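For reference, the structure discussed in these notes is given below.
Protein chains in written order, with our numbering: chain A, 1230 to 1701; chain B, 16 to 498.
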């Protein structure tokens, strides 16, 4: 059954120092309620919005990267509606009508050899937050925290071009990486990226799903909603056009508690912010200043470091991981080994949300680890044990190896002593080994055992063969 | 009794040279206020620190410190301009106890020049009205006839000047709110070019139309006050990128050769005969000063009121949405209310005129009507700007009545909103097009004042004030009620 999925993504410009229209800090997290506020973001009588020009640049950069058209004049509109998290009871946002456009429109993004069209990109202010003591159901009051009110937000609206929930995940992965590479948004911060989705099955009515807490939940919400709409259809009923909320604890979409009426937002131009005419020069300047973006970086990883497409993709999906890799590759020239350690081993220790940054390990560690294995200072098995230690402790691999007494014995004399002792103790096996190749492995196993795995296996094997040869 | 009606410049000069004490002068004005407020009601609140501030000025004078241009000059501030620590009500129940945590830019600038705020002047609620009857603190009365309105919405500011309760006053003008009461009270009031004076701290009624402006008993007083408040402000993106200047410097240079047009439509048969006659007489006097006079027509004027009220009300409906009793101002116990019910209940405390404008404004912005009303109103505005730009290529100034009618009796028009709106016909054009306009006392008829309006091109304040000054010199009219 065919499905059409569209996204409405909100991304905070967390890299800004201040809010969109005042000088309050853009970093509102972990602050006492209503302490990150001023007369302007509280909308006190007589105050006027002062546009953060940097926000305009960041939003334009996002528009450029999403291959959208950008206007030469940026204008703001008021979206009027009453809600307690809105200090002015209107939101300053953008609008596409009457020959005025938002900061980006008519874009297209390629991901995983597919395409999604971007309908519009607009710059707007985030509202405050409603806070409930305990849960929404049990709380006696709704409390309002305006710390977030006025934080710069970029809204990205796609056309309903997705036909598979998996594609949504792939697209969102790419978008996150783009935002990280642009350096405009720290997507790991709670609530810094949010996503509403709309889903219509088999040409049916559109259902909008809000309250999706993170990008990773979006795919799950869509899958649930598709099966819900399917079963509604199978019961012979019609899917209603409505807004539903994603309940991430129960993993279902539920009808909004408050029935949302058809809102008339009475958009009109914000009289306090004259249209900003920056011509097309700004776009050109920004294009020149654009940092390396995920697609180009991936190609470079493949080209310069000889990484496989897959490994490069895994690194690129998380800018922190990609940076981690590049730093490691600078410290040790076997970049493929560094990449393998990151992608196959290190990623196993990271949780989905915080990623590698939650670990105490640094590129320096991985570079050293890869080098020690390459130079046979430690075995690969030992290296994996060491990794387990250092992700927690942040100690250098060489220190841990020392502590574990795990450095490989590649000193010939020391190994010959061990081999001599094994040959003395296993006389019949030695005899057998002269005829049977498999028994050589048994002797090697004994050597490894008596060195607690520290013997350099290659060298030990060589010495065993040499000694056997001298017997015959 | 010592005079309490000195001009601002004269007063500041005397305070600075020590011949008049600021404290003494302020005390005398406060006595005057005590005496006349019962019958006039210019003020909503008085500043109880005024005398202390005056004393500080005197001390600075004694210490030989550098003094500002308005040292010790007592001023009235319209109560929709925010004053830190001093209640700012907008004459509304919604802000009855609201004390702003910050100063409007104009207040900072005036205080830096040494001005002393006597108090907050009465107005129509949120500056919506032409009579000052729509104040939830009760009406202000016209000092020339207490049975009549002082005009509005800056009625308290104008009355305070005519009744010798202040030396200068700040008003705000959205569609004539400075000029109308200036005309009705026989004082001078200037609406500057849009963007010349910061709106930061002016409680918004219709942002794209309104501005703070100076009011006084003479053109030079108004020029001096404008010099102190004008110029770009980083807190207001809509201010123009211009410096202030000394608007008094060339005020006495006369208007020889200045080309003046009389706006034909504004002195037509619909206008009170006495008003039309007063404009003709004024034209003759200006001609005697070697200015040239000709009649001109503004064709788009017929659409001005419709355009003005559409835009103003649309902006009102959005600007006033924030008054919901949740964060500041009116406080209601939220117990037992859902959000929407709470809003409804709290917002029922607006006065009837404000509610009327919010409802009309909400309607004109509704989807499906936006193109029919708001967009059309903006198109008319563009048309008017173009037409006036053409006119100002040929002419330097325009003259017209400020108000097409004489001051109403109190209560006369309160139930006839449309008739009241019609009285703004001559003033709204300056707001729609952003040009400066001044009302100067013209004459009296049956002991009631009539004002003359002079309009100029964008940023022509200097010429406007020069013309107003020149006119004053040949047109001696009472500007203050007998003390």
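Ideal Cβ placement from N, Cα and C applies to all residues, glycine included.
On a predicted model such as this, the values are computed, not experimentally measured, just so you know.
Under 8 angstroms between C-beta atoms, does residue i make it to chain B?
| i | result |
| --- | --- |
| residue 1261 of chain A | no |
| residue 1595 of chain A | no |
| residue 1356 of chain A | no |
| residue 1317 of chain A | yes |
| residue 1272 of chain A | yes |
| residue 1309 of chain A | yes |
| residue 1451 of chain A | no |
| residue 1280 of chain A | yes |
| residue 1246 of chain A | no |
| residue 1249 of chain A | no |
| residue 1415 of chain A | no |
| residue 1289 of chain A | no |
| residue 1553 of chain A | no |
| residue 1236 of chain A | no |
| residue 1305 of chain A | no |
| residue 1233 of chain A | no |
Could you tell me whether the Cβ of residue i comes closer than 8 angstroms to any Cβ of chain A?
| i | result |
| --- | --- |
| residue 226 of chain B | no |
| residue 170 of chain B | no |
| residue 10 of chain B | Outside the modelled stretch of chain B, which goes from 16 to 498, sits residue 10 of chain B, for which no answer is possible. |
| residue 116 of chain B | yes |
| residue 493 of chain B | no |
| residue 136 of chain B | no |
| residue 341 of chain B | yes |
| residue 251 of chain B | yes |
| residue 214 of chain B | yes |
| residue 377 of chain B | yes |
| residue 16 of chain B | For residue 16 of chain B, the predicted structure reports a pLDDT of 45, less than 50, and the residue's modelled location is therefore unreliable. A value from the coordinates is still provided. No - not a single Cβ of chain A is within 8 angstroms of the one on residue 16 of chain B. |
| residue 5 of chain B | Examination of residue 5 of chain B is not possible in this model, given that chain B is present from 16 through 498 alone. |
Specify, as a first and last residue, the run of the alpha helix (DSSP H) that residue i falls within.
| i | result |
| --- | --- |
| residue 432 of chain B | 432-437 |
| residue 1686 of chain A | 1686-1700 |
| residue 1282 of chain A | 1282-1294 |
| residue 447 of chain B | 443-448 |
| residue 1458 of chain A | 1444-1463 |
| residue 1610 of chain A | 1609-1622 |
| residue 1429 of chain A | Counting along the chain, residue 1429 of chain A falls outside any alpha helix (DSSP H), though it belongs to the beta strand (DSSP E) covering 1422-1430. |
| residue 1671 of chain A | 1666-1679 |
| residue 1243 of chain A | Per DSSP, residue 1243 of chain A belongs to no alpha helix (DSSP H) and is neither H nor E. |
| residue 388 of chain B | First-last for residue 388 of chain B: undefined, no H or E at that position. |
| residue 1322 of chain A | Where residue 1322 of chain A is concerned, there is no enclosing alpha helix (DSSP H), although the beta strand (DSSP E) it sits in stretches over 1319-1322. |
At which residues does the beta strand (DSSP E) containing residue i begin and terminate?
| i | result |
| --- | --- |
| residue 1388 of chain A | That residue, residue 1388 of chain A, is in no beta strand (DSSP E); it is neither H nor E in DSSP. |
| residue 230 of chain B | 226-231 |
| residue 1378 of chain A | Taken as a continuous stretch (DSSP letters only), residue 1378 of chain A belongs to no beta strand (DSSP E), as it is neither H nor E. |
| residue 1477 of chain A | Premise fails: residue 1477 of chain A is in no beta strand (DSSP E) and is neither H nor E. |
Quick one: measure Cβ to Cβ for residue i and residue j, integer angstroms, because I've assumed they're closer than 8 angstroms.
| i | j | result |
| --- | --- | --- |
| residue 1438 of chain A | residue 1426 of chain A | 5 angstroms |
| residue 1471 of chain A | residue 1436 of chain A | 6 angstroms |
| residue 1376 of chain A | residue 1257 of chain A | 4 angstroms |
| residue 61 of chain B | residue 134 of chain B | 4 angstroms |
| residue 485 of chain B | residue 304 of chain B | 5 angstroms |
| residue 1692 of chain A | residue 1616 of chain A | So it is not a contact: roughly 29 angstroms between Cβ atoms. |
| residue 187 of chain B | residue 300 of chain B | Wrong, their Cβ atoms sit about 30 angstroms apart, outside the cutoff. |
| residue 294 of chain B | residue 415 of chain B | 7 angstroms |
| residue 1275 of chain A | residue 195 of chain B | About 22 angstroms separates the two Cβ atoms, so there is no contact after all. |
Just grab the DSSP bridge partners of residue i for me.
| i | result |
| --- | --- |
| residue 1339 of chain A | A:1344 |
| residue 491 of chain B | In the DSSP output, where bridge partners are listed per residue, residue 491 of chain B has none listed. |
| residue 206 of chain B | B:452 |
| residue 410 of chain B | Beta-bridge pairing links residue 410 of chain B to no other residue. |
| residue 188 of chain B | B:226 |
| residue 416 of chain B | B:467 |
| residue 1303 of chain A | A:1505 |
| residue 1349 of chain A | A:1334, A:1386 |
So does residue i have its beta carbon nearer than 7 angstroms to some heavy atom of the ligand SAH?
| i | result |
| --- | --- |
| residue 1311 of chain A | In the structure on display, the ligand SAH does not appear, and there are no ligands present to speak of. |
Q.
Please give the ranges of any alpha helix (DSSP H) in the segment 50-130 of chain B, keeping only runs that are unbroken, at least 4 residues long and fully inside the region.
A. 65-77, 120-127
Q: Please list the segments of the alpha helix (DSSP H) lying wholly inside the segment 1500-1555 of chain A, counting only runs of 4 or more residues, in order along the chain.
A: 1510-1518, 1523-1534, 1538-1545
**Q.** Ordered list of alpha helix (DSSP H) runs contained in the segment 264-303 of chain B, each at least 4 residues
**A.** 288-302
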